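Asks: Handing you a structure now.
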Amino acid sequence: MQKYVFSFAASEFVNFRWIEFKSLAEIEQLSYSVSESKDDWLRPYIVVEMENDDSVLSIIKRSVLIKSAFHLWCEATTLSELTEQVANLPNELTDPYLNGCGTFKIVLSSAHKKLKQEEKIPIIETILDAHERIDAQVSLSSPDHQINILLEYTPKNLGKNTIRSGGHLCRLLYGRLIGSSIRRNMMNNYRLSERAHLGNTTMNVTLAAIMANVGLCRKSSFVWDPFIGTGSTVIAASVWGSFGGGSDIDYSVLHGIGMSPKAGQERRCGETLRSNYEQYKLESRYLDVMVADIVSLHKFLRIPHGGLFDAIITDPPYGFRERSCKVSEQPVERKPTLVTRHRLAEIMGVIHIGLIYLVHIYTQTSRFSLSLSFLVKPYILVHGIVLCLYSDENHNGNKDEVDEESLVLVPHDLPHFPHKEVYPVNKIYKDLLDLAAYLLYPNGRLVFWIPVLRSEFIGVKSLPHHPSFRLLAACEQTLNTRNSRYMVVMVKLDTNQQLNDLSNENEDLIFPAVYAK
0 MQKYVFSFAA SEFVNFRWIE FKSLAEIEQL SYSVSESKDD WLRPYIVVEM
50 ENDDSVLSII KRSVLIKSAF HLWCEATTLS ELTEQVANLP NELTDPYLNG
100 CGTFKIVLSS AHKKLKQEEK IPIIETILDA HERIDAQVSL SSPDHQINIL
150 LEYTPKNLGK NTIRSGGHLC RLLYGRLIGS SIRRNMMNNY RLSERAHLGN
200 TTMNVTLAAI MANVGLCRKS SFVWDPFIGT GSTVIAASVW GSFGGGSDID
250 YSVLHGIGMS PKAGQERRCG ETLRSNYEQY KLESRYLDVM VADIVSLHKF
300 LRIPHGGLFD AIITDPPYGF RERSCKVSEQ PVERKPTLVT RHRLAEIMGV
350 IHIGLIYLVH IYTQTSRFSL SLSFLVKPYI LVHGIVLCLY SDENHNGNKD
400 EVDEESLVLV PHDLPHFPHK EVYPVNKIYK DLLDLAAYLL YPNGRLVFWI
450 PVLRSEFIGV KSLPHHPSFR LLAACEQTLN TRNSRYMVVM VKLDTNQQLN
500 DLSNENEDLI FPAVYAK
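Per numbering that gives the first Met the number 0, numbering of the sequence shown is gapless, rising by one per residue and ending at 516.
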């Protein structure tokens, strides 16, 4: 095992670093040794023991939180100590890069403090002088090898009770650059501002990529999002070869109907999740979407015993920016509807096939006609009563004539969007866990976001739980002084019990610290 250094963005999603690294190592089936201390993973550099350079490259090729990786030659807490260690480096470690026929350059980087160029040059010269000999040529534009000096300073926002003030040099690391991650390319290639189908609550590209990584989304895995919206989560999964699909209760979002979230622009024709997959050349990894809520979803999907999906990654609508609702379990009784036959044909695609029975009713001023007609569409028989109204002045004497504008009394509901009702936040997560236990393979991962009140959050006890799942991680993203949200990562257990009645079990799985609007 050799020591390597991973460099992170100084303050970007620091709470997500450990679970992303651990998940990527599991995807690539790598062995490693690293500190699991939370404080160590909050620092800009983390030292990891891994087998070889290829293992490191397999991690950084899809990480969105790691900037670069280095083969660590030595580390110290002061410059003088580092100089001594550089002088004692074995030749077999440094000669291939500093005394070979290739070219090299030395780069100095710092975290938590910005150094001017005139401050960097003396440090670089001191390190170079510490080497016994350097025969390789220097190339600043296109070197064959890059040697890095990494300086870590204490953060300037330290508490008042700390011994050292911010900006104090606390660690120096020296080593060879292995490679840089694709994080910048990922952010540029999949930026939301250029995406075809977008919504008001589309997931941040970085967070969607993190969810795909911790969900172990890889080639040929099946990923589902039961609150798919515009599909940012499944797109991130499909980038790495997963097949993505999902469901949502909002018909207009899935089909790109309504106002565009882009200022001054209107929805384009065909603006759907499929258009996003086409934009990124990922059509072959697109499953499909369906209009359904998570309560009724299991009724539409035929799931084999043991599950169907490898991962469920989602961001439920918990009422903060998007209202939470579901299809009402109690049907709304509607009165019979009067529509013209032409309008009925438009709505249902029916065909009027003839007059069966006609009754005429005469008054002093008008004549009414009631007729029983049959209206059909493929595989469905629709019957109704045709109501015709004629005035004596306009009646031409033909008693068997039925006006084209006559009204059809339809005794049942015409096609309409199902009635929706308020969906309590606690119930959303209970149903989500029940659904995931039904849909996921054993060892499949469930990744979702949950809002909390920071003053009431008391740790994992405040998070939802389920007998079929084990909690792997809960990473906090602070929203403001009152509210945070956690990315919760769970794994389905091998010994889970099959859920038969998803609507009635586990009613007690309710957590107290959820943000409620």
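Cβ atoms here follow ideal geometry from the backbone N, Cα and C, with glycine treated the same way. Predicted, not measured: the structure shown is a model, and the values here were computed from it.
By Cβ distance below 7 Å, which residues in the same chain neighbour C169 in space, the five residues on each side in sequence not counted?
Replies: If we look at C169 and ignore the five residues flanking it on each side, its Cβ neighbours are T76, E151, Y152 and T153.
Asks: Relative to the C-alpha of D39, which residue among H70, I59 and S6 is closest?
Replies: The shortest C-alpha separation from D39 is found at S6.
Asks: Just curious, the beta strand (DSSP E) that L172 is in, first and last residue?
Replies: Counting along the chain, the beta strand (DSSP E) containing L172 begins and ends at L168 to S179.
Asks: Using CA coordinates, which residue listed in V47, E124 and S79 is at the minimum distance from S67?
Replies: Nearest option by C-alpha distance: V47.
Asks: Checking 7 Å against the spacing of the C-beta atoms, do L470 and M489 come in under that value?
Replies: Taking 7 Å as the Cβ cut-off, L470 and M489 qualify as a contacting pair.
Asks: Would you mind working out which of F226, N90, D52 and L23 sits nearest L64, comparing C-alpha positions?
Replies: Out of F226, N90, D52 and L23, L23 has the C-alpha closest to the C-alpha of L64.
Asks: Should Y485 go down as buried or exposed, given a rule of 16 or more other Cβ atoms within 10 Å for buried?
Replies: It counts as buried.
Asks: Taking one C-beta from the segment 292-303 and one from the segment 203-217 each time, how about it: are there three or more such pairs within less than 8 Å?
Replies: Too few Cβ pairs lie closer than 8 Å, so no.
Asks: Given a threshold of 16 other Cβ atoms within 10 Å of its Cβ, counted over all protein chains shown, does G166 qualify as buried or as exposed?
Replies: So G166 ends up on the exposed side.
Asks: Within the same chain, show all residues whose beta-carbon is closer than 7 Å to that of G244, passing over the 5 residues directly before and after it, in chain order.
Replies: For G244, where only same-chain residues beyond five positions count, the Cβ hits under 7 Å are W223, V233, L286, D287 and V288.
Asks: Please confirm if the segment 95-106 is in contact with the segment 181-191, defined as three or more CB-CB distances below 8 Å between the two stretches.
Replies: Flag = no, the segment 95-106 and the segment 181-191 do not touch.
Asks: Can you have a look at E193 and say buried or exposed, based on whether 16 or more other CB atoms are within 10 angstroms of its CB?
Replies: Flag for E193 reads exposed.
Asks: Using 8 Å for Cβ pairs, my map puts Y173 next to V55. What's the rounded Cβ distance?
Replies: At roughly 17 Å, the Cβ-Cβ gap does not stay under 8 Å, so Y173 and V55 are not in contact.
Asks: Have a look at H465, L434 and L107 and flag the residue whose alpha-carbon is nearest the alpha-carbon of L139.
Replies: When only C-alpha atoms are compared, the closest one is L107.
Asks: Please report the distance separating the alpha-carbon of A135 from that of P89.
Replies: Using only the alpha carbons, I get a separation of about 17 Å.
Asks: Given a cut-off of 7 Å, decide if Y44 and L176 are closer than it, judged by their beta-carbon atoms.
Replies: The answer is no: Cβ separation not under 7 Å.
Asks: If we ignore side chains and look at the alpha-carbon of each, how far apart do V294 and Y3 end up?
Replies: Distance between the alpha carbons of V294 and Y3: 47 Å.
Asks: Just the C-alpha distance for E568 and E117, rounded to the nearest angstrom, thanks.
Replies: Here the chain comprises residues numbered 0 to 516, so residue 568 is not present and cannot be evaluated.
Asks: For W17, which residues of its own chain have a beta-carbon under 6 Å away from its beta-carbon, when the five flanking residues on both sides are left out?
Replies: Here the set comprises W40.
Asks: Using 10 angstroms around the beta-carbon of L388, count the other beta-carbons present and answer buried if the total reaches 16, otherwise exposed.
Replies: With a pLDDT of 46 at L388, under the threshold of 50, the modelled position of this residue cannot be trusted; read the value that follows with caution. Exposed.
Asks: Helix, strand or coil, according to DSSP, for F468 in the structure here?
Replies: Strand, per DSSP.
Asks: For R16, report the span of its alpha helix (DSSP H) as first-last.
Replies: It spans R16 to I26 - the alpha helix (DSSP H) in which R16 sits, taken as one unbroken run.
Asks: Return the chain-ordered list of same chain residues with a C-beta closer than 7 Å to the C-beta of G198, the five sequence neighbours on each side being excluded.
Replies: Around G198: G228, T229, V252 and P260.
Asks: Can you give me the C-alpha to C-alpha distance between A235 and E131, rounded to a whole angstrom?
Replies: Roughly 48 Å between the two C-alpha positions.
Asks: Would you mind sorting M0 into buried or exposed? The rule is 16 or more other CB atoms within 10 Å of its CB.
Replies: Flag for M0 reads exposed.
Asks: Looking at the secondary structure, which residues open and close the beta strand (DSSP E) in which D314 lies?
Replies: Segment: none, D314 is in no beta strand (DSSP E) and carries neither H nor E.
Asks: Report the residue from A110, L71, K112 and L114 whose alpha carbon sits nearest the alpha carbon of T93.
Replies: Of the candidates A110, L71, K112 and L114, the one whose C-alpha sits nearest the C-alpha of T93 is L71.
Asks: Report the partner residues of K491 according to the DSSP bridge assignment.
Replies: Per DSSP, F468.
Asks: Within the continuous alpha helix (DSSP H) that includes K218, where are the two ends?
Replies: Neither: K218 is in no alpha helix (DSSP H) and is coded neither H nor E.
Asks: So, helix, strand or coil for M202, using DSSP?
Replies: Correct three-state label for M202: coil.
Asks: Can the beta-carbon of T313 be found less than 7 Å from the beta-carbon of P423?
Replies: The answer is no: Cβ separation not under 7 Å.
Asks: Kindly give me the distance between the Cβ atoms of L127 and I311, rounded to whole angstroms, as I take these residues to be in contact under 8 Å.
Replies: Not confirmed; about 53 Å, so no contact.
Asks: Give every residue of the same chain whose Cβ lies closer than 8 Å to the Cβ of V137, excluding the five residues on either side of it in the sequence, and list them in chain order.
Replies: These residues qualify, in order along the chain: T102, F103 and K104.
Asks: If you measure between the beta carbons of F517 and V487, is that distance less than 7 Å?
Replies: Absent from the structure is residue 517, since the part of the chain shown begins at 0 and ends at 516.
Asks: So which of L281, S179, V238 and D309 has the shortest CA-CA distance to I58?
Replies: Of the candidates L281, S179, V238 and D309, the one whose C-alpha sits nearest the C-alpha of I58 is S179.
Asks: Hey, how far is the Cα of H464 from the Cα of K491?
Replies: Roughly 11 Å separates the two Cα atoms.
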